[in-house]
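Protein chains: 2
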Amino acid sequence: MPGTTAGTHPTEYAPTDRTVPTRAADRASYDKEVVHAILDEGYVCHLGFVRDGAPVVLPTLYGRVGERLYVHGSTGSRPLRMTGAADPGLEVCLTVTHVDGLVLARSAFHHSINYRSVMVHGIAHEVTDPEERRRALDALVDHVVAGRAADSRPANKKELAATAVIRLDLDEVSAKIRSGGANDEPEDLALPHWAGVVPLRKGYDAPVPNADLASGIGLPDYLAGE
Amino acid sequence: MPGTTAGTHPTEYAPTDRTVPTRAADRASYDKEVVHAILDEGYVCHLGFVRDGAPVVLPTLYGRVGERLYVHGSTGSRPLRMTGAADPGLEVCLTVTHVDGLVLARSAFHHSINYRSVMVHGIAHEVTDPEERRRALDALVDHVVAGRAADSRPANKKELAATAVIRLDLDEVSAKIRSGGANDEPEDLALPHWAGVVPLRKGYDAPVPNADLASGIGLPDYLAGE
Chain A
1 MPGTTAGTHP TEYAPTDRTV PTRAADRASY DKEVVHAILD EGYVCHLGFV RDGAPVVLPT
61 LYGRVGERLY VHGSTGSRPL RMTGAADPGL EVCLTVTHVD GLVLARSAFH HSINYRSVMV
121 HGIAHEVTDP EERRRALDAL VDHVVAGRAA DSRPANKKEL AATAVIRLDL DEVSAKIRSG
181 GANDEPEDLA LPHWAGVVPL RKGYDAPVPN ADLASGIGLP DYLAGE
Chain B
1 MPGTTAGTHP TEYAPTDRTV PTRAADRASY DKEVVHAILD EGYVCHLGFV RDGAPVVLPT
61 LYGRVGERLY VHGSTGSRPL RMTGAADPGL EVCLTVTHVD GLVLARSAFH HSINYRSVMV
121 HGIAHEVTDP EERRRALDAL VDHVVAGRAA DSRPANKKEL AATAVIRLDL DEVSAKIRSG
181 GANDEPEDLA LPHWAGVVPL RKGYDAPVPN ADLASGIGLP DYLAGE
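Protein sequence lines, in the order shown, are assigned to chains A and B.
Residue numbering for the first sequence follows the UniProt record's numbering, starting at 1 and increasing by one per position.
Residue numbering for the second sequence follows the UniProt record's numbering, starting at 1 and increasing by one per position.
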């Protein structure tokens, strides 16, 4: 049975009016493992909220711990201030998108991209519990480079006081995935235009040490593969 | 004089309350050339709008023609329907973000990423003029691969009827840029943690022809460099 297991933990997020697309429904997924994998591959999200009635879309870092996403920022930044000020929390939409390839069709109309995205709707709340704040900040650093939180100086009291952490539960969530080649109309297949996919190259170039790096500090193991 | 030239075309967008950041103001730019360069390097934006009082952030393709951005979609998709239905247009925030590198500091607090982003606030309007729609659709295809619009079958009447195009003028616009190494506190410089930048590798892998590509169609010149 989709969406449930023998136990109490469903394997899928329950679809809602706003997570069921009006079209291309075959690209949507509510599978928790699919959603987690997309979220765990990234570290930059686009956080949407409403300010003075108008939408704002802010690129920012995020981290996942189980069924919770965390975003952090200066206590002086606008969305973080808004979360703290609003008792019921701040209504947000958090979107993570990975582009996998460019899809070139014979017809202009069927051009597309291959991508995997996750959209989370919900109410963001400020995190005040010190232990949860620590775990959230570690997760934010480890999303950028796995294993890095343990190899850096943890935030001190002054830094913690300047940092606001907000939490968004994974509850109203959907993934959207497009993969594969170009889907042209049958009558266009013989047109003299190349069709196919140009895959994005993923990865990193050689790490560049800081100019002020103390001598004798080699590249850590977790960066050796980059 | 910043923001003006001898003529009538200012070289910068005029800052507004919502495009002046509350912090890290040194990262903000209103220079039109800077903004155009960031927009022209990308093809995926995150489009934010308000639906039933709640924010929605949708990843979608965009194209730029001069001081206008274009987004397209099925006439049945939600934001496009909303634009058509609302006479005064749909208030949106369109954000484009390029991640350039991971910034690893000795302190967890100063971890960051190098990025270039553009945020556009404004009212999106549906485009009905056939000639402007054609130019917008060409720009959308050419953003994905420069020169591709001329080497594909243009949209036919049926496809044009199924496609909504919306326009957002570049007026209330800002860029935000972070570059360079880690900015640790002076007292942390001697800590035994590696610090520096891991640059993202940009580019594409070898194009993958569609399984149904007609024989004798070689890779076009504009993809030869990929």
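The beta carbon of each residue, even a glycine, is placed where N, CA and C say it ideally should be.
- With a Cβ-Cβ cutoff of 9 Å, do residue 164 of chain A and residue 126 of chain A count as a contact? Within the first sequence, numbered from 1, the residue matching residue 164 of chain A stands at position 164. Within the first sequence, numbered from 1, the residue matching residue 126 of chain A stands at position 126. Yes.
- Message: For residue 127 of chain B, would you say it is in contact with chain A, using Cβ-to-Cβ distances shorter than 9 Å as the test?
- Response: Stepping through the second sequence from its first residue, residue 127 of chain B is reached at position 127. So, not an interface residue.
- Anything in the stretch 181 to 205 of chain B with a Cβ closer than 7 Å to a Cβ of chain A? List those residues in chain order, please. 181, 182, 188, 189, 190, 191, 192, 193, 194, 195, 196, 197, 198, 199, 200, 201, 203, 204 and 205
- Selection of the stretch 122 to 153 of chain B by Cβ proximity to chain A, strictly under 9 Å: 137, 138, 140, 141, 144, 145, 148, 149, 151, 152 and 153
- Item | DSSP state of residue 67 of chain A mapped onto helix, strand, coil | Within the first sequence, residue 67 of chain A is the residue found at index 67, counting from 1. Residue 67 of chain A falls in the coil class under three-state DSSP.
- Query: Applying the criterion that 16 or more other CB atoms from any shown protein chain within 10 Å of the CB defines a buried residue, is residue 156 of chain B buried or exposed?
  - Reply: Position 156 of the second sequence, counting from 1, holds the residue named residue 156 of chain B. Classification of residue 156 of chain B: exposed, given that the 10 Å Cβ count is below 16.
- Query: Nearest chain B C-beta to residue 212 of chain A closer than 9 Å, yes or no?
  - Reply: In the first sequence, the residue the question calls residue 212 of chain A occupies position 212. Taking Cβ atoms only, chain B reaches closer than 9 Å to residue 212 of chain A, which makes this a yes.
- So which residues of chain B does residue 247 of chain A contact, with C-beta pairs closer than 8 Å? For chain A, the structure presents residues 1 to 226; residue 247 of chain A sits outside this window and is missing.
- Message: Going by DSSP in three states, residue 15 of chain A sits in which element: helix, strand or coil?
- Response: The residue you call residue 15 of chain A lines up with position 15 of the first sequence. Correct three-state label for residue 15 of chain A: coil.
- Message: Quick check on residue 174 of chain B - is its C-beta less than 9 Å from some C-beta in chain A?
- Response: Numbered from 1 along the second sequence, position 174 holds the residue referred to as residue 174 of chain B. So, not an interface residue.
- Which class does residue 21 of chain B belong to by DSSP, given the choice of helix, strand or coil? To locate residue 21 of chain B, count along the second sequence from 1; it is residue 21. If DSSP states are grouped into helix, strand and coil, residue 21 of chain B belongs with coil.
- Out of curiosity, what's the CA-to-CA distance linking residue 51 of chain B and residue 63 of chain B? By 1-based counting over the second sequence, the position of residue 51 of chain B is 51. By 1-based counting over the second sequence, the position of residue 63 of chain B is 63. Cα to Cα, residue 51 of chain B sits roughly 24 Å from residue 63 of chain B.
- Query: Looking at C-alpha atoms only, which residue of A:99, A:169, A:211 and A:167 is the closest neighbour of residue 199 of chain A?
  - Reply: The residue you call residue 199 of chain A lines up with position 199 of the first sequence. Per the Cα distances, A:99.
- Query: Do you know offhand how far residue 78 of chain A's Cα is from residue 212 of chain B's?
  - Reply: Numbered from 1 along the first sequence, position 78 holds the residue referred to as residue 78 of chain A. Numbered from 1 along the second sequence, position 212 holds the residue referred to as residue 212 of chain B. Each residue's alpha carbon lies about 51 Å from the other.
- Would you give the residue range spanned by the beta strand (DSSP E) that residue 176 of chain B belongs to? Reading the second sequence from its first residue, position 176 is the one you call residue 176 of chain B. Element bounds for residue 176 of chain B: 172 to 178.
- Looking at the unbroken beta strand (DSSP E) that takes in residue 113 of chain B, where does it start and where does it end? Position 113 of the second sequence, counting from 1, holds the residue named residue 113 of chain B. Start and end: 112 to 126.
- Which residues, taken in chain order from the stretch 62 to 86 of chain B, show a beta carbon closer than 7 Å to some beta carbon of chain A? 74, 76, 77 and 78
- So, is the C-beta of residue 50 of chain B closer than 9 Å to a C-beta in chain A? The residue you call residue 50 of chain B lines up with position 50 of the second sequence. Yes, its Cβ sits closer than 9 Å to a Cβ of chain A.
- Item | Proximal chain B residues relative to residue 56 of chain A, where beta-carbon distance stays under 7 Å | Against the first sequence, residue 56 of chain A aligns to sequence position 56. The contacting residues are 48 and 93.
- Task: Find the nearest neighbour of residue 112 of chain B within the set B:173, B:22, B:204 and B:195, judged by alpha-carbon distance.
- Result: Mapped onto the second sequence, residue 112 of chain B falls at position 112. Comparing Cα-Cα distances from residue 112 of chain B to each of B:173, B:22, B:204 and B:195, the minimum goes to B:195.
- Query: Along chain E, which residues have their Cβ under 8 Å away from the Cβ of residue 118 of chain B?
  - Reply: Here the protein chains are A and B, and chain E is not one of them.
- Item | Backbone CA spacing between residue 115 of chain A and residue 30 of chain B [nearest angstrom] | Indexing the first sequence from 1 puts residue 115 of chain A at position 115. Indexing the second sequence from 1 puts residue 30 of chain B at position 30. Whole-angstrom Cα-Cα distance: 30 Å.
- So, do the stretch 122 to 139 of chain B and the stretch 67 to 83 of chain B have three or more beta carbon pairs nearer to each other than 8 Å? yes
- From the DSSP output, in three-state form, read off residue 217 of chain B for me. Here residue 217 of chain B refers to the residue found at position 217 of the second sequence. Three-state DSSP puts residue 217 of chain B in coil, outside helix and strand.
- Message: Tell me the residue span of the beta strand (DSSP E) that contains residue 187 of chain A.
- Response: Position 187 of the first sequence holds residue 187 of chain A. Taken as a continuous stretch (DSSP letters only), residue 187 of chain A belongs to no beta strand (DSSP E), as it is neither H nor E.
- Item | Cross-strand partners of residue 30 of chain B (DSSP beta bridge) | Along the second sequence, one-based indexing puts residue 30 of chain B at 30. Paired residue(s): none; residue 30 of chain B is not in a bridge.
- Can you name the start and end residues of the alpha helix (DSSP H) that residue 169 of chain B belongs to? The residue you call residue 169 of chain B lines up with position 169 of the second sequence. First-last for residue 169 of chain B: 163 to 169, but that is the beta strand (DSSP E), not the alpha helix (DSSP H).
- Give the single residue among A:46, A:106, A:144 and A:27 whose Cα lies nearest to the Cα of residue 108 of chain B. What you label residue 108 of chain B is simply residue 108 of the second sequence in a count that begins at 1. Residue 108 of chain B has its Cα closest to that of A:144, out of A:46, A:106, A:144 and A:27.
- Look at the alpha carbon of residue 41 of chain B and the alpha carbon of residue 44 of chain A, and state the distance between them as a whole number of angstroms. Translated into positions along the second sequence, residue 41 of chain B becomes position 41. Translated into positions along the first sequence, residue 44 of chain A becomes position 44. Distance between the alpha carbons of residue 41 of chain B and residue 44 of chain A: 18 Å.
- Query: Can you name, in chain order, every residue of its own chain whose Cβ lies under 6 Å from the Cβ of residue 57 of chain A, other than the five neighbours on each side?
  - Reply: Working through the first sequence from its first residue, we reach residue 57 of chain A at position 57. Once the five neighbours on either side are set aside, the close Cβ partners of residue 57 of chain A are 46 and 48.
- When the Cα atoms are used, what is the spatial distance from residue 132 of chain B to residue 191 of chain A? The residue given as residue 132 of chain B occupies position 132 in the second sequence. The residue given as residue 191 of chain A occupies position 191 in the first sequence. Distance between the alpha carbons of residue 132 of chain B and residue 191 of chain A: 26 Å.
- Query: At least one CB of chain A closer than 9 Å to the CB of residue 107 of chain B: is that the case?
  - Reply: Walking along the second sequence from the start, residue 107 of chain B turns up at place 107. Chain A contact via Cβ: present.
- Message: So, under 8 Å CB-CB, residue 216 of chain A and residue 168 of chain A are touching, yes? Tell me the CB distance rounded to an integer number of Å.
- Response: Position 216 of the first sequence, counted from the start, is the residue given in the question as residue 216 of chain A. Position 168 of the first sequence, counted from the start, is the residue given in the question as residue 168 of chain A. About 42 Å; that fails the 8 Å criterion.
- Item | Cutoff 9 Å: residue 165 of chain B Cβ touching any chain A Cβ | By 1-based counting over the second sequence, the position of residue 165 of chain B is 165. Judged by the 9 Å Cβ criterion, residue 165 of chain B is not in contact with chain A.
- What is the C-beta distance between residue 92 of chain A and residue 55 of chain B, in whole angstroms, given that I count them as a contact (C-beta under 8 Å)? As a working note, residue 92 of chain A is residue 92 in the first sequence. As a working note, residue 55 of chain B is residue 55 in the second sequence. That pair is a contact at about 6 Å.
- Min CB distance residue 102 of chain A to chain B below 9 Å: As a first step, residue 102 of chain A must be located in the first sequence, where it is residue number 102. Judged by the 9 Å Cβ criterion, residue 102 of chain A is in contact with chain B.
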